[in-house]
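If you're matching them up, the sequences are chains P and S in order. Residues in the first sequence are numbered consecutively from 17, following our numbering. Residues in the second sequence are numbered consecutively from 16, following our numbering. The C-beta atom is built at its ideal place from N, Cα and C for all residues, glycine as well. Computed from a predicted model, the values in this text were never measured in an experiment.
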Amino acid sequence: MNLSFKQNFFELFGLPARFALDAAGLERSYRRIQSQIHPDKFAHASEADRRASMQWTARVNEAYQTLKAPLARAAYLLALQGTDPGFESNTSMSPEFLLAQMGWREAVEEASLAGDARQLDSLSLSLRGEIDRLYAEIGRELDGNHAAAAETLRKLKFLEKVREEIDAALERLEA
Amino acid sequence: MSLLQIAEPGDSTAPHEHRIAVGIDLGTTNSLVATVRNGIPVVLNDHEGHSLLPSMVRYLRDGRVQVGFPAQAQLARDPRNTVVSVKRFMGRGLKDVAHIENCPYDFVDQPGILKIRTAAGVKSPVEASAEILRVLRARAEEALIGKSGGALAGAVVTVPAYFDEAQREATRDAARLAGLNVLRLLNEPTAAAIAYGLDNAAEGIYAVYDLGGGTFDISILRLSRGVFEVMATNGDAALGGDDFDQRLFCALAERRGLSMLSPEDTRSLLTKSREAKELLTSQTEVCITARLAAGEAVELTVTQEDFWDLTRNLVAKTLAPTRKALRDAHLDVSDVKGVVMVGGATRMPHVQQAVGGLFRQTPLNNLDPDKVVALGAAIQANVLAGNRHAGEDWLLLDVIPLSLGIETMGGLVERVLPRNSTIPTARAQEFTTFRDGQTAMSIHVVQGERELVSDCRSLARFELRGIPPMAAGAARIRVTFQVDADGLLSVAAREASTGVESAVTVKPSYGLDDGQIAQMLKDSIEHAQEDVRLRALQEQRVEGERMIEATESALRDDADLLAAEELAAIRAAIEALRRLVGGDDHRQIKAQVDRLNRITEPFAGRRMDRIIKGALTGRNVAALGQ
């Protein structure tokens, strides 16, 4: 897509490029922009305008989703700073983390097999705590230590995946 | 006495022309057309005063087609040639349709698309749906245009929110085949939310529970300061009131030991079952009586409790997607301020009870569940046609119901756009080659939530060729998914180092290609004894004039964004178009419209940039969300 605007996602919404987010400010900017460029406002315009409206709105939506979700926001900040988070290329993790991660997986599987929704809920809760702790950490690291931030980001990606597995297990139990 | 109109300074001096647009609810059981008249959405009736058009199409031996009540009247006598609930077949193959064994049709199963052999030839669900839409279009033209000879500016056609790509494409094809200019495909629960929200000035989180004749949708919306934001949607595109009839029909057949029924008997018992279901909404007991073609009398008494037991798991099947939608929206039932009930099947008391029980509140039934979708579509059509008035400056943010992804090694799905992404949306993802020296890559686009490709719906396959030979893993293939405001997908792939490109507009194998549509359209026009050329000329003139008006309006606002020579080129192209519109060569008009579109493309981009900048600095004081 050949969009003419060169701004990064933060500039697009008039926000500082940092991990700590002014969520209300993001939403306010997003809605203001949407209310002006959404395809519904151009349904009777020329084809060129309609296409531009669709492409720009798509980009604004992508930008909004990226900044709103902490994992995507952190990855985007790293990329802006020129660091590859290395989700595929770098799979080295500290042994402690790998061990802890295996522990999570086993616990989820066990509770899931036992059909223990309460245990799954409690796992979800403590995982939430761990994830929040890492998000606080990555916020600090993104200001300086990019290598550390990249590793924290990879950990977070693992843990978010475990959280999805818990949700899926809970869903199966409900069904 | 009517007041004189004075245009706003800077506006076009001509008073704004009201463009006639309609909203169409193309339902499984019934279809409706509505419009906004004097600021109020109204459903348009037929000559007998009926607002609902039964979604039934009967094909006759002489090629004639009956739609609606005349088709319904012959249903029991001519079940093979009378297509009902055709919406269930849209964008579907034979193996996709539940209870197909109870459908009294002579199906033709071609790879992908399902068709029906009728007395008037083999017909596709798209063609049958187009017949219904044609009747609604004629109804609208007669009521709104009369003999003045104008044209409908366009229509918003609703689809179940949980319809996938193939079903949406099929619906759009049907509308085009019926000669409608489709302004937008709008999700049915979203349409209902617009009608309900604007009517009640609602603010907060609302759930729309839409159980129609053949489809179920649940959408969770946040209504706030003029923004309708769909937070999550879920559903079952093959679950509806029809299934409740089926259960009753099966119980009837089983308890009375009926087997090997003829199509006529099947159809007549299904109709009786449906009538009984409707009666059981208000009665505690009903007696079904029917006479089979062979003369045998059938009788069965069914109590309300009995019926509820038979269909309890159908109701339960709607609650699982409802919980899922809430979870996707990260909400609890206590966050939901109101539950809007849509679709005729929500009249059943046990559905009301189940929904009320889940949400721990009495569902909202203050709008006609049969009409609310068409009314919402009409409101949206009115706005899209450009008839927006002060105070109507609301914004709709809808989502895709199902994740979109591509096939990777081992038959696994890599998700590119997750479900509930706000549309329009675009996302690019990089992939690489698997073998050394690989020069082509096959890209398989799929839709669905499962991890295995074989469990998802295949949408399209295309190839990117001409990748320069490199070591495995060295090529950088950027695949971009784009979903437009109708929820329709296009995919492009590009190799980064060479810029080799390949793109497809995803036309599922179930759809028709543009050539087929054009041919069918031509056939139908010829059938109607219209002059094809004259019609094409009229259409191109309208398009040309619209283009001139839109471009001039853009120039009035933003001409300063153009260099002198750019401005001169655009003005020259407008003048050339104006001359051609006065002539009678529709091909030349079309070519010039395309040319004007091409040269104004950079201008359109700069305008968007300016609008975004203005939105943030407050240049546009009318901005929402403050």
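Counted within 10 angstroms of its Cβ, other Cβ atoms place residue i as buried (16 or more) or exposed
{"i": "S:P483", "result": "exposed"}
{"i": "S:R34", "result": "buried"}
{"i": "S:S274", "result": "exposed"}
{"i": "S:K110", "result": "exposed"}
{"i": "S:Q462", "result": "buried"}
{"i": "S:L148", "result": "buried"}
{"i": "S:E184", "result": "buried"}
{"i": "S:T437", "result": "buried"}
{"i": "P:F26", "result": "buried"}
{"i": "S:N202", "result": "buried"}
{"i": "S:D501", "result": "buried"}
{"i": "P:S142", "result": "exposed"}
{"i": "P:E187", "result": "exposed"}
{"i": "P:E78", "result": "buried"}
{"i": "P:F103", "result": "exposed"}
{"i": "P:P111", "result": "exposed"}
{"i": "S:C471", "result": "buried"}
{"i": "P:E167", "result": "buried"}
{"i": "S:N5", "result": "Residue coverage of chain S in this structure runs from 16 to 641, which leaves residue 5 of chain S outside it and unanswerable."}
{"i": "S:N381", "result": "exposed"}
{"i": "S:F231", "result": "buried"}
{"i": "S:L611", "result": "buried"}
{"i": "S:T377", "result": "exposed"}
{"i": "S:I55", "result": "exposed"}
{"i": "S:L315", "result": "buried"}
Residue range of the unbroken beta strand (DSSP E) whose run includes residue i
{"i": "S:H12", "result": "Residue 12 of chain S lies beyond the stretch modelled for chain S, which goes from 16 to 641, so this question has no answer here."}
{"i": "S:T440", "result": "440-446"}
{"i": "S:E478", "result": "472-480"}
{"i": "S:Q497", "result": "492-498"}
{"i": "S:L200", "result": "197-202"}
{"i": "S:A168", "result": "It is not in any beta strand (DSSP E) - S:A168 carries neither H nor E in the DSSP assignment."}
{"i": "S:R73", "result": "71-74"}
{"i": "S:V137", "result": "136-138"}
{"i": "P:A59", "result": "Where P:A59 is concerned, there is no enclosing beta strand (DSSP E), given that its DSSP letter is neither H nor E."}
{"i": "S:P56", "result": "55-58"}
{"i": "P:F26", "result": "First-last for P:F26: 25-28, but that is the alpha helix (DSSP H), not the beta strand (DSSP E)."}
{"i": "S:S288", "result": "Run containing S:S288: none in the beta strand (DSSP E); it sits in the alpha helix (DSSP H), 278-294."}
{"i": "S:T423", "result": "419-423"}
{"i": "S:R52", "result": "45-52"}
Opening and closing residue of the alpha helix (DSSP H) in which residue i lies
{"i": "P:L173", "result": "In the sequence under discussion, the amino acid at residue 173 of chain P is Lys, which differs from the Leu named in the question. Counting along the chain, the alpha helix (DSSP H) containing P:K173 begins and ends at 162-190."}
{"i": "S:I604", "result": "601-614"}
{"i": "S:R328", "result": "Checking the displayed sequence, the identity of residue 328 of chain S turns out to be Asn instead of Arg. It spans 319-343 - the alpha helix (DSSP H) in which S:N328 sits, taken as one unbroken run."}
{"i": "P:G92", "result": "The sequence shown places Tyr at residue 92 of chain P, rather than the Gly named in the question. Note, P:Y92: alpha helix (DSSP H), 86-96."}
{"i": "P:E125", "result": "111-129"}
{"i": "P:E146", "result": "133-157"}
Simplified DSSP state of residue i, which is helix, strand or coil
{"i": "S:G629", "result": "helix"}
{"i": "S:Q125", "result": "coil"}
{"i": "S:P378", "result": "coil"}
{"i": "S:E560", "result": "helix"}
{"i": "S:L85", "result": "Residue identity check: residue 85 of chain S is Pro in the sequence provided, not Leu. Here S:P85 sits in helix by DSSP."}
{"i": "S:E63", "result": "coil"}
{"i": "S:L503", "result": "coil"}
{"i": "S:K110", "result": "helix"}
{"i": "S:N249", "result": "strand"}
{"i": "S:V431", "result": "strand"}
{"i": "S:A305", "result": "strand"}
{"i": "S:N215", "result": "helix"}
{"i": "S:T186", "result": "helix"}
{"i": "S:V468", "result": "helix"}
{"i": "S:S144", "result": "helix"}
{"i": "S:V515", "result": "coil"}
{"i": "S:F231", "result": "strand"}
{"i": "S:Q641", "result": "Low confidence applies here, because S:Q641 scores a pLDDT of 35, under 50, leaving its location unreliable; read the following figure in that light. If DSSP states are grouped into helix, strand and coil, S:Q641 belongs with coil."}
Whole-Å CB distance - residue i paired with residue j, under 8 Å assumed
{"i": "S:A252", "j": "S:P175", "result": "6 Å"}
{"i": "S:L41", "j": "S:K138", "result": "Not really, about 16 Å apart at Cβ, beyond 8 Å."}
{"i": "S:M456", "j": "S:I492", "result": "6 Å"}
{"i": "S:T50", "j": "S:R73", "result": "No, S:T50 and S:R73 are not in contact; Cβ-Cβ is about 27 Å, not under 8 Å."}
{"i": "S:E422", "j": "S:H459", "result": "4 Å"}
{"i": "S:M363", "j": "S:L379", "result": "That pair is no contact at about 16 Å."}
heavy atom of the ligand HEM below 6 Å from residue i C-beta
{"i": "P:L172", "result": "No copy of the ligand HEM occurs in the structure displayed, which carries no ligand at all."}
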